[in-house]
Amino acid sequence: RVSRNRELWEQLPPESLSEYVRNLEPSEYSLPANDDRLDALSRAFGKIIDAKSPYTYGHSQRVGEYTMAIAREMGLSEERCRWIRRGGFLHDLGKLGVSNTILDKPGRLTSEEYDLVQNHARYTEEILVRIGAFKTLSFVAGAHHERLDGKGYPRKLVASEIPLETRIISVADIYDALTEDRPYRKAMEDEKAFSILKELKNTALDGLCVDTLMTLKTENRLLTTEERFETL
Numbered sequence: 001r002v003s004r005n006r007e008l009w010e011q012l013p014p015e016s017l018s019e020y021v022r023n024l025e026p027s028e029y030s031l032p033a034n035d036d037r038l039d040a041l042s043r044a045f046g047k048i049i050d051a052k053s054p055y056t057y058g059h060s061q062r063v064g065e066y067t068m069a070i071a072r073e074m075g076l077s078e079e080r081c082r083w084i085r086r087g088g089f090l091h092d093l094g095k096l097g098v099s100n101t102i103l104d105k106p107g108r109l110t111s112e113e114y115d116l117v118q119n120h121a122r123y124t125e126e127i128l129v130r131i132g133a134f135k136t137l138s139f140v141a142g143a144h145h146e147r148l149d150g151k152g153y154p155r156k157l158v159a160s161e162i163p164l165e166t167r168i169i170s171v172a173d174i175y176d177a178l179t180e181d182r183p184y185r186k187a188m189e190d191e192k193a194f195s196i197l198k199e200l201k202n203t204a205l206d207g208l209c210v211d212t213l214m215t216l217k218t219e220n221r222l223l224t225t226e227e228r229f230e231t232l
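For the sequence shown, the residue numbers in full-length UniProt numbering are 1 to 232.
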């Protein structure tokens, strides 16, 4: 309920949001964390993240599902695929520390505003590293805006420093962002989105991950959980 209170998000200054996010601590009370529970928890966090803005509704859920589909197609173990999907659900957790007045701005961001948006990747890592069950995902999820050519953020990592799991999340994230509405543009058709992804191959994005996503989508195998149920 609180996550849907737009006025709350907009009234908090950026520094308050950042401090709140950095100080998130897991409860002293804990439960045994099996895979099913971790899947459910990461999905629930993703829904909270997505509820923050109408423009990101469902984004984390889709990125998680797309990430798992790509990982499976690339031959990763089922255990690893589930682990990566959690990273997809949680990759934008740091956006809870960015004001909606910036995230939902319809026009071009100023350089200062863009810097604040970029902080979300660092916030994601800072939050997850402090939660035992998701600590191993902190770097993988927080690095989803890094580029193979070293021009990404927050660390400007180069290809050799970016793990496969992060590369998969990055492709899923960008594809979904291109094909959904944003404050400053309408959603793109797949043809246009694929064209952009191809331009980013092997400079920003991993070429094999891009090709795998496009193959899955072309063959109608890039489905969310809800879409899979609808086809039954």
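Quick reminder that beta carbons are idealized off the backbone N, C-alpha and C, glycines included.
Note that this is a predicted model, so its numbers are computed, not measured.
Identified DSSP bridge partners for residue i
{"i": "residue 235", "result": "Nothing can be reported for residue 235, as the shown portion of the chain is limited to 1 through 232."}
{"i": "R72", "result": "DSSP lists no partner for R72."}
{"i": "R130", "result": "For R130, which the question treats as bridged, DSSP gives no partner whatsoever."}
{"i": "R185", "result": "R182"}
Buried or exposed by the 16-neighbour rule on C-beta atoms within 10 Å, applied to residue i
{"i": "R108", "result": "exposed"}
{"i": "D92", "result": "buried"}
{"i": "T110", "result": "exposed"}
{"i": "G94", "result": "buried"}
{"i": "S160", "result": "exposed"}
{"i": "N100", "result": "buried"}
{"i": "Y66", "result": "buried"}
{"i": "G132", "result": "exposed"}
{"i": "E146", "result": "buried"}
{"i": "A40", "result": "exposed"}
{"i": "E79", "result": "exposed"}
{"i": "A187", "result": "exposed"}
{"i": "S77", "result": "exposed"}
Beta-carbon spacing of residue i, residue j below 8 Å
{"i": "I70", "j": "V140", "result": "no"}
{"i": "L200", "j": "M214", "result": "no"}
{"i": "L96", "j": "I49", "result": "yes"}
{"i": "M74", "j": "T212", "result": "yes"}
{"i": "R122", "j": "G142", "result": "yes"}
{"i": "D104", "j": "R167", "result": "no"}
{"i": "R62", "j": "D176", "result": "yes"}
{"i": "R85", "j": "D35", "result": "no"}
{"i": "L137", "j": "A204", "result": "no"}
{"i": "R43", "j": "F89", "result": "yes"}
{"i": "H144", "j": "D173", "result": "yes"}
Check: Contact between the stretch 163-180 and the stretch 55-73: three or more CB pairs below 8 Å?
Finding: As far as the Cβ criterion goes, the stretch 163-180 touches the stretch 55-73, which means the pair count is three or higher.
Check: Would you say the stretch 152-169 touches the stretch 109-123, given that touching needs at least three Cβ pairs under 8 Å?
Finding: Using a Cβ-Cβ distance cut-off of 8 Å, the stretch 152-169 and the stretch 109-123 are in contact, since at least three pairs of beta carbons, one from each stretch, lie closer than that value.
Item checked: Every unbroken alpha helix (DSSP H) within the stretch 65-116, with a cutoff of 4 residues, ordered by chain -> Along the stretch 65-116, the alpha helix (DSSP H) occurs as fully enclosed runs of 4 or more residues at 78-90 and 100-103, listed in sequence order.
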